[in-house]
Amino acid sequence: MYWNREAETMPMERVRKLQDTLLRDTVAQAAGSHFYGERFAALGLTPADIRSVDDLSKIPFTTKDDLREDWPYGFVAVPREELVRMHSSSGTTGRATVIFHTADDLDAWTDLLARSMYMAGMRKGDVFQNMMTYSLFTGGLGFHYGAERVGALVIPVGAGNSKRQIQLMSDFGTTAMHIIPSYALHLSSVFEEMGLDPRRDTALKLAFLGAEPHSEETRRRVEDYYGVKAFNSYGLSEMNGPGVSFECSCQCGMHIWEDNFIVEVIDPKTMEPLDEGEEGELVLTTLKRRGMPILRYRTKDLTRIIPGDCPCGRTHRRIERIKGRTDDMMIIKGVNIFPIQIEKRLMDIPGVGSNFQIILERKDYNDHMIVKVEVQREIFTGNLKQLEDLRRKIIEELKSDILITPKVELVEPNSLPKTEGKAVRVIDNRERQQ
Ligand code: AMP
Ligand code: ZN
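So the sequence shown is numbered by our numbering: it starts at -5 and just counts up by one.
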């Protein structure tokens, strides 16, 4: 049941002690990097000032801008020849941040992924199809090595080429897949096009969904359509990538591996720490990375720690499904809205297809939201009244959640743009329409 019983079920007091030790090592290591060396000197801080996790607040937060400013090697804390791998964030705005690993760093990361996938039920003998891009993006190689460590047979197909994905799945008896949730929804329409049904025509039983925010409703759709149990996988390149936090078989929040990361949740405005259970921005500190330690990294991801123990027996605390990023929040007519609120409502309405897009416009100094929604084929080709009823229902449902009335356009299945990577949900045209 456990990949590493000792590590996964360690009593919290011992986890805390372990964190103190690892934090001291990490801070001493970080002080050797250009960035933290200068930062500590400017603050008059020495590694000896950080004795335990209680001292963490003496260290300022690290942001993506810090990583960009001391680009590319400013955070590296080992001689350059110790580095064996580079990855980067998939960010589309600004310069992508890069992360470097030593061989030991990669080993620790691989172990976290093996632990995570094993926890969700993958075993030696499973056939694992990795449908994430193999590139600078961490989702490909991270899962790849983790799955090999578990002992699964890995099909390193990468992203895209939907028909080939389906062909591989059915030819080689894929039992577990790693897939971006928006792509999992899209792939269902390709199954339909090919006249195939994953429940009948594949041996799938597990899906690991990660890399982008998605709702419980989307998980349920994926589970129903593919006949699998789907597990949420959270991570970010700055903290290695996937393997930071993962769901166990209870599917009641994601265990965050506290023997590898220190977890804080802060109020993103005041930057003050929040209590367990309160929603805010996740801040993480690496504890095992030597090549490029990062202290108190502001992830911009919004979540909360779920109070209480998990029935699975693991002691590492759980975080809730990510609600979105602080920079994903749309402010429309003064109302704060996250794309996931729209996704959640849409995916719960029968007849809604697998993709949608939010367009923001500004006319006469007024903001307008247009939601384009793909509908299922039989509805699209059905009668007009049915379509209009669905459109009205969507407006009602969205309005009750986001409090403004969006314009809703129903469109044909597969007509909205689809990326191979993370979905682009929002097109904001307001800037140029002032
Ligand atoms: P990258 O560094 O390019 O891999 O992007 C990491 C970001 O992807 C995170 O900071 C999150 O915003 C997002 N992300 C990754 N996994 C998830 C997930 N399971 N749920 C929600 N957002 C996620
Ligand atoms: Zn659990």
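Cβ coordinates follow ideal geometry from the N, Cα and C atoms, glycine included.
Check: What does a CB cutoff of less than 8 Å around Thr3 pick up in its chain, not counting 5 residues either side in sequence?; Outcome: Tyr(-4), Gly307, Arg308 and Thr309
Check: Answer yes or no: do Tyr225 and Phe240 have a C-beta to C-beta separation smaller than 8 Å?; Outcome: The sequence given here places Phe at residue 225; Tyr does not occur at that position. Yes, Cβ-Cβ distance for Phe225 and Phe240 is below 8 Å.
Check: Can you list, in chain order, the residues of its chain whose CB lies under 7 Å from that of Phe374, leaving out five sequence neighbours each side?; Outcome: Glu406 and Pro407
Check: Looking at C-alpha atoms only, which residue of Val47, Ser46 and Pro54 is the closest neighbour of Ala35?; Outcome: Pro54
Check: Which same chain residues, not among the five before or five after Ile421, have their C-beta less than 8 Å away from its C-beta?; Outcome: Gln351, Ile352, Ile353 and Leu354
Check: Please state the DSSP three-state secondary structure of Thr56.; Outcome: strand
Check: If distances are taken between C-alpha atoms only, which option among Ile174, Lys282 and Leu106 comes closest to Thr15?; Outcome: Lys282
Check: Express the C-alpha separation of Asp261 and Leu392 in angstroms, rounding to a whole number.; Outcome: 27 Å
Check: If you run the structure through DSSP and keep just helix, strand and coil, what is Pro333?; Outcome: helix
Check: Buried or exposed: which applies to Asp59, given that a residue is buried once 16 or more other Cβ atoms fall within 10 Å of its Cβ?; Outcome: exposed
Check: So the candidates are Arg194, Thr57, Pro305 and Asp120; which of them puts its Cα closest to the Cα of His172?; Outcome: Asp120
Check: What residues in its chain sit with their C-beta under 7 Å from that of Arg419, if we drop five residues either side in the sequence?; Outcome: Pro333, Gln351 and Ile352
Check: Given this structure, state the Cα-to-Cα distance separating Asp295 from Gly247, to the nearest angstrom.; Outcome: 15 Å
Check: Nearest to Lys495 by alpha carbon, out of Arg312, Thr264, Thr127 and Arg426?; Outcome: With the chain covering -5 to 428 only, the question about residue 495 has no answer from this structure.
Check: Go through its chain and collect everything with a Cβ distance to Gly68's Cβ below 6 Å, but skip five positions before and after it.; Outcome: His28 and Phe29
Check: Is Glu272 buried or exposed, if buried means 16 or more other CB atoms sit within 10 Å of its CB?; Outcome: exposed
Check: Sorted by chain position, which residues of the same chain lie with C-beta nearer than 6 Å to Glu337's C-beta, five sequence neighbours on each side aside?; Outcome: Ser209
Check: In angstroms with no decimal places, state the Cα-to-Cα distance between Gly328 and Gln23.; Outcome: 45 Å
Check: Let me have the residue list for the ligand ZN: C-beta closer than 6 Å to any non-hydrogen atom, ordered along the chain.; Outcome: Cys242, Cys244, His249, Cys304, Cys306 and Arg308
Check: Taking DSSP as the reference, what is the three-state secondary structure of Ser348?; Outcome: strand
Check: Among Phe94, Gln159, Glu314 and Leu61, which one has its Cα closest to the Cα of Thr127?; Outcome: Gln159
Check: Please determine whether the Cβ atom of Asn226 lies at a distance below 7 Å from any heavy atom of the ligand AMP.; Outcome: yes
Check: To the nearest angstrom, how far is it from the Cα of Glu372 to the Cα of Glu270?; Outcome: 46 Å
Check: Smallest Cα separation from Lys176: which of Phe202, Thr91, Ala141 and Arg292?; Outcome: Just to set this straight, residue 176 is Ser in the shown sequence, not Lys. Closest by alpha carbon: Phe202.
Check: Does Lys366 come out as helix, strand or coil in the three-state DSSP assignment?; Outcome: strand
Check: Touching or not, the stretch 384 to 391 and the stretch 136 to 154, by the rule of three or more beta carbon pairs under 8 Å?; Outcome: no
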